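Structure first, then comments.
Protein chains: 2
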Amino acid sequence: MFLKTEGMNGTGLTLSGNLFSQLRKDILRGKLKAGEKLSEQQVCDAYGVSRTPVRETFRQLEQEGLIETIPNRGAFVVGLSSRDVQDLYEMRKAFEVIGVRWAIQRITKEELEKLKEAYEFMEFYTLKEDTEKMLNINMSFHELIYQAAHNRMLAHTLYVYQLYIKETKANSVYLDGKLEEVLNEHKKILDAFVRKDIEAGEEAITLHLENAKKRAKVCY
Amino acid sequence: MFLKTEGMNGTGLTLSGNLFSQLRKDILRGKLKAGEKLSEQQVCDAYGVSRTPVRETFRQLEQEGLIETIPNRGAFVVGLSSRDVQDLYEMRKAFEVIGVRWAIQRITKEELEKLKEAYEFMEFYTLKEDTEKMLNINMSFHELIYQAAHNRMLAHTLYVYQLYIKETKANSVYLDGKLEEVLNEHKKILDAFVRKDIEAGEEAITLHLENAKKRAKVCY
DNA sequence: GTTTGTATAATTGTATACAAACATAATTAA
DNA sequence: TTAATTATGTTTGTATACAATTATACAAAC
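Line by line, the protein sequences give chains A and B.
According to the working numbering, the first sequence holds residues 1388 to 1607 in order.
According to the working numbering, the second sequence holds residues 1388 to 1607 in order.
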């Protein structure tokens, strides 16, 4: 079971999950503000661990560009500006297009079957009007595409983007009554994969992401 | 002055620079083969440091996807397959296009001046037929564009790609007698920036990168 | 000969100790 | 009073010690 307390000297940091993903979440959600100093000892106290794992976590965050460390001075939160978030969406769109292009070319029969299966789940949840499950399967659908692109770097990049976008906003999802619309967009994407039609795939994913952005901030 | 010895139990790892960039280089250049285990103690001995900085370095490498750590089992080299490298080139091309698009829209007067200045240096080094300096200023030219895009994530991504591509190959550069060709391609890019012509810019950078790939493996 | 169990060694995960750099406060001199 | 300086305390960087986990070797059983 996960530990959950206040901690971090009343900064309101949650403590479930591991250090890295938790600190990342706290930065992306703005609990830790840009410019704020991250004291090793404070984080140690908040999470009940020693400095070694904290420092390792700091290196990971630094590598993602979410904190900046100044030698002998410490770690400072960088975070994402609203401009960064805007750019994130655009970069993600561009990369998803590339991802679809490559995935259509490289997808295996087994992967295509999985994609079809994911779509069928979407149909099912649309009928049942289960928004929660729809969001989950939606994520899986897109992750299947990332994997089908058979490019570790692209898959990782898109995964991180997805994660960032997911964590960045409070994520109020306005899918109610729009599940069929979402389903249709995925149908077009799937069809493009079945027909190996790259151009149609690029068009479909672009449209889907643009609509998703209009609908809310979290529907992929 | 930097330390340079054999070390790493005869694996031939070089020791200049810091742990992270050195290990990264050794992985990218293939000195550390994919699947190979990275023992903490061995790395400690090779670089003459304790386990703490080594573990921190491992986290950084893990974050870049160059090693994989299995809990309680250790770190294993992942490295880049030839397919990865191929994909890297394509991803880089796609990102550079996006970078140019955004940079043309967002570049400041000061940044444009710097870009012009960089180009003028290129003209100079072309006249002097100084391939070495040409490569350096070439890198700067492109980095100026990354910065002008005013997107930290994109800039960082492109920087890493550039670094990976640079380190991935032995990098025999065949620019002799082609400096003018390279200069011309950059002229077209610069002109697009001056005229704020996004389409021309995208076309110019695409052509430049395609030609660069034909010319060698390192000219950007 | 192969497999299973156990003991030992090696390695990783974490905590802590110590040294070096830095920040802050007090003190002195102009 | 202000500026410079020293003293003190805090924080980071690194090394090391200890605990937990995993790998290896060897013996016993099948």
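The beta carbon of each residue, even a glycine, is placed where N, CA and C say it ideally should be.
Model, not experiment: these values are computed from the prediction.
Counting the other Cβ atoms within 10 Å of the Cβ of residue 1475/A gives 16 or more, which makes it buried.
The Cβ neighbour count for residue 1413/A, taken over all protein chains shown within 10 Å, is at least 16; the residue is labelled buried. Under DSSP, residue 1425/B forms a beta bridge with 1462/B.
If you look at residue 1494/A, you'll find it isn't in any alpha helix (DSSP H); DSSP assigns it neither H nor E. Fewer than three pairs of CB atoms, one per stretch, sit closer than 8 Å, so the stretch 1503-1510 of chain A makes no contact with the stretch 1456-1463 of chain A. Residue environment: residue 1580/B is assigned as buried (16 or more neighbouring CB atoms within 10 Å of its CB, all protein chains considered). Below the 9 Å Cβ cutoff, chain A contributes 1489, 1536, 1537, 1538, 1539, 1540 and 1541 as neighbours of residue 1474/B, in chain order. Within the stretch 1431-1461 of chain A, the residues whose Cβ lies closer than 7 Å to any Cβ of chain B are, in chain order, 1439, 1442, 1443, 1446, 1447, 1450, 1451 and 1452. A straight line joining the alpha-carbon of residue 1518/B with that of residue 1487/B spans about 25 Å. Residue 1532/A is bridged by DSSP to nothing; it lacks a bridge partner. Between residue 1567/A and residue 1598/A, the CB-CB gap reaches or exceeds 8 Å. Relative to residue 1424/A, the option among 1431/A, 1409/A, 1461/A and 1408/A whose CA is nearest is 1461/A. Distance between residue 1440/A and residue 1445/B, taken at the CA atoms: about 12 Å. Cβ neighbours of residue 1432/A within its own chain (closer than 6 Å, five residues either side excluded): none. By the neighbour-count criterion, in which 16 or more other beta carbons inside 10 Å mark a residue as buried, residue 1467/A falls on the buried side. In the DSSP annotation of this structure, residue 1451/B is not part of any alpha helix (DSSP H), being labelled neither H nor E. Out of 1555/A, 1593/A, 1516/A and 1520/A, the CA that lies nearest to the CA of residue 1420/A is found in 1555/A. Under the 8 Å criterion on CB atoms, residue 1485/B is classed as interfacial with respect to chain A. In the DSSP assignment, residue 1571/A falls within the alpha helix (DSSP H) that extends over 1566-1581.
Not a single CB atom of chain A sits nearer than 8 Å to the CB of residue 1517/B. Within a 10 Å sphere around the beta-carbon of residue 1525/A sit 16 or more other beta-carbons, which makes this residue buried.
Around residue 1471/B, the beta-carbon contacts reaching into chain A at under 7 Å are 1539 and 1540. The C-alpha of residue 1575/B lies about 29 Å from the C-alpha of residue 1483/A.
Counting only residues of its own chain and dropping the five nearest sequence neighbours on each side, residue 1542/A has a CB closer than 7 Å to the CB of 1533, 1534 and 1536.
Look at residue 1505/A: its C-beta is not under 8 Å from any C-beta on chain B. Between the alpha carbons of residue 1550/A and residue 1531/A lies a gap of roughly 15 Å.
The C-beta of residue 1526/B comes no closer than 8 Å to any C-beta of chain A.
Under the three-state reduction of DSSP output, residue 1455/B falls in the strand class. Against residue 1481/B, the close residues of chain A are 1481, 1482, 1484 and 1485, in the order they occur along the chain (beta-carbon pairs closer than 9 Å).
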